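See below for the structure under consideration.
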Amino acid sequence: MSTDVISLPATRGPEAGTVMLSVNGQQRELRLEPRVSLLDALREHLGLTGSKKGCDQGTCGACTVWVDGRRMLACLTLAVTCEGREVTTIEGLSSDGELHPMQAAFVDRDAFQCGYCTPGQIMSAVALLEEGRAADDAEIAEWMSGNICRCAAYPNIRAAIRDVRDAAGGER
Amino acid sequence: MRPLSYARADDASAAIALVAAHPEGAFLAGGTTEIDLTRQDVLRPELLVDINHLPLDGVEDLPDGGLRIGALARMSDVARAPAVTERFPMISQALVLGASAQLRNMASMGGNLCQRVRCGYFRDVTSPCNKRDPGSGCGALDGFHRGHAILGVSDQCIATHPSDVAVALVALDAVVHIRGPGGQRAIGIDDFFLLPGDTPDREHPLDHGELITAIEVPALPTARRSVYLKFRDRQSYEFALASVAAAIRVEDGTVTGARLALGGVGTKPWRARRAEAALFGQPASEDSFAEAAREELTQATPRQQNAFKVELARRVIVRALNTLMDGEAR
């Protein structure tokens, strides 16, 4: 294999350049350095401060968003790698001012205290039901373990998830 | 994080050529280790080549009953692939017991094998660490080492290999397929992980620009009833203090084959060959299991804070084999 016959992909950065992101169904054009995380792009560049920066090292889950419909950690994702993918944040969950059923269930069940982990909890919880991993409390606890709540609202978070699961006619 | 450049590769040849051409270039897959450690200044790539769009994410059956797992298949997708859950449950169990749902959606199988140790001294750039900064010393030897290794250690490094799924893959004699500037090669997975010895900075035999393309798991009918057991300080989202991947073949009450590998206790995913040999031809009884486990751990080198792992590892081996035998009885 010789390198002279391979066309090398274009290199971008380290200075800022144009990055096109699709966030909550909207195309957004940003000027970003390649090192900027998806979390910082959302919070600092797009003003979408729902996703929270807890640990910034992939431990706490407060930054959980969906990329192409799968729950992921925005702090360990470089924004530039999300070009061509669909990013969904907590701000994109409600529609026309109507809370998503999981948001309503969190309110109804008082599933938070300080609220800092809540956007990540909710993004994870909706994905959890999509994944079909909410059969019982033990399974919910296991598959929500990537979202840490230092106020320990876990029983109420599980109750909210159960409510939405049961209202949807059992596990999907 | 230091400034860095980025490129997105559409084919493997281009990705390999680009990384090979740049001394501080690196492949970027799921990024769950790489972005974290780059932010911590432990890794200092100047160019990240995004390989997430390469078509290396399949899980395919091999004609002989084995599996070919693409290097970019995500942990979550491999864990629920029917071929894995049916024929190699220890792989699926090890994957699901690792990390969190979000991280499993991100992390690739090739990246999992290349993940770095969680030793606090490795992660802290102000501490001595022979792995991060060769010759600087080891903070763990006389420091905090409760979670560190008791098998395969050296006087340079005692960091535990963190992967769960690699333990199952080592038990199954998987083969790591690699492509680089010079062509392709394949390495048995036990040889893919290097003991620290005097060069703890060298964790696997990959040369610069070499890319894992696939992991092949050879057929093993016994693995249909295999287990991965993991013991840790928390019930979820935590690394192992001790874990075991186990499969056993018993005929007329006698052990005629066993696969055992340990996690959480070795500087590499630890194939328990002494225990396997000790089991062969013995009655499938708890006494035999305990003797085999004792035999494996005779080579342990515990330190003050992690001495408990010797007995824990023994018990984990016995528990796994008993679990498999309970399944047999039903």
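Protein sequence lines correspond, in order, to chains A and B. Once you know that position 107 of the first sequence is 105 in this note's numbering, the rest is easy, because the numbers rise by one and skip nothing. Once you know that position 109 of the second sequence is 110 in this note's numbering, the rest is easy, because the numbers rise by one and skip nothing. Heads up, the beta-carbon is just placed ideally off N, CA and C, and yes, glycines get one too. Since this is a predicted model, take the numbers as computed values, not measurements.
In this structure, Cys53/A sits away from Cys80/A, with a CB-CB distance that is not shorter than 9 Å. Among the residues facing chain A, Arg9/B is included, as its CB has a counterpart in that chain under 9 Å away. Residue pairing by DSSP puts Tyr7/B in a beta bridge opposite Arg10/A and Leu49/B. Counting C-beta pairs with one atom in each stretch, the stretch 312 to 319 of chain B and the stretch 155 to 175 of chain B have fewer than three that are closer than 8 Å, which means they do not touch. Proximity of Pro83/B to chain A, defined by a Cβ-Cβ separation below 9 Å, is not satisfied.
Residue range Arg274 to Leu280 is occupied by the alpha helix (DSSP H) that includes Glu277/B. When C-beta distances to chain B are compared with 7 Å, the residues of the stretch 7 to 26 of chain A below that value are Pro7, Ala8, Thr9, Arg10, Gly11 and Pro12, in chain order.
Restricting attention to Ala158/A, Ala123/A and Asp134/A, the CA atom closest to the CA of Met142/A is found in Ala123/A. For Gly26/B, the enclosing beta strand (DSSP E) begins and ends at Gly26 to Leu29. Using a Cβ-Cβ cut-off of 7 Å, Leu5/B is close to Gly11, Pro12, Pro32 and Arg33 of chain A, given in chain order.
Rounded to whole angstroms, the gap between the alpha carbons of Val162/A and Val60/B is 33 Å. Following the DSSP letters along the chain, one finds Gly111/B inside the alpha helix (DSSP H) bounded by residues Met110 to Cys115. If you draw a straight line from the Cα of Ser5/A to the Cα of Thr33/B, it comes to about 28 Å. Between Leu71/A and chain B, the shortest Cβ-Cβ separation is below 9 Å. Non-local beta-carbon contacts of Arg41/A in its own chain, meaning distances under 6 Å to residues more than five positions away in sequence, involve Thr47 in chain order. For Val50/B, a Cβ of chain A is located within less than 9 Å of the residue's own Cβ. Within the same chain, and ignoring the five residues on either side of Asn106/B in sequence, the residues whose Cβ sits closer than 7 Å to its Cβ are Arg75 and Ser77. At a cut-off of 9 Å between beta-carbon atoms, Leu74/A makes contact with chain B. In this chain, Met91/B is not harboured by any beta strand (DSSP E); it is covered by the alpha helix (DSSP H) spanning Pro90 to Val97. For Ala125/A, a Cβ of chain B is located within less than 9 Å of the residue's own Cβ.
Here the alpha carbons of Gly71/B and His162/B stand approximately 22 Å from one another. By the Cβ test, the stretch 5 to 21 of chain B is in contact with the stretch 48 to 60 of chain B, since at least three Cβ pairs between them sit closer than 8 Å. Counting other Cβ atoms within 10 Å of its Cβ, Asp199/B stays below 16 and is therefore classed as exposed. Beta bridge pairing from DSSP links Ile70/B with Val60/B and Ile216/B.
At a cut-off of 9 Å between beta-carbon atoms, Ser49/A makes no contact with chain B.
For Glu129/A, the closest Cβ of chain B is nearer than 9 Å. Per DSSP, the beta bridge partners of Ile179/B are Arg186/B and Ile213/B. Gly118/A sits away from Asn154/A, with the two beta carbons spaced by 9 Å or more.
Chain B places a beta carbon closer than 9 Å to that of Ile4/A, counting this residue as a contact.
Assignment of Met100/A by DSSP, reduced to helix, strand and coil, places it in the helix class.
Beta-bridge pairing by DSSP links Ser244/B to Lys231/B and Gly264/B.
Among the CB atoms of chain B, one or more fall inside 9 Å of the CB of Gln55/A. The beta carbons of Leu152/B and Ala301/B sit about 6 Å from each other, so the pair counts as a contact at 8 Å.
Here the C-alpha atom of Glu296/B lies approximately 6 Å from the C-alpha atom of Ala276/B. Straight across, the Cα-Cα distance linking Arg26/A with Ala77/A is about 12 Å. DSSP places Thr57/A outside both helix and strand once states are collapsed to three, so it counts as coil.
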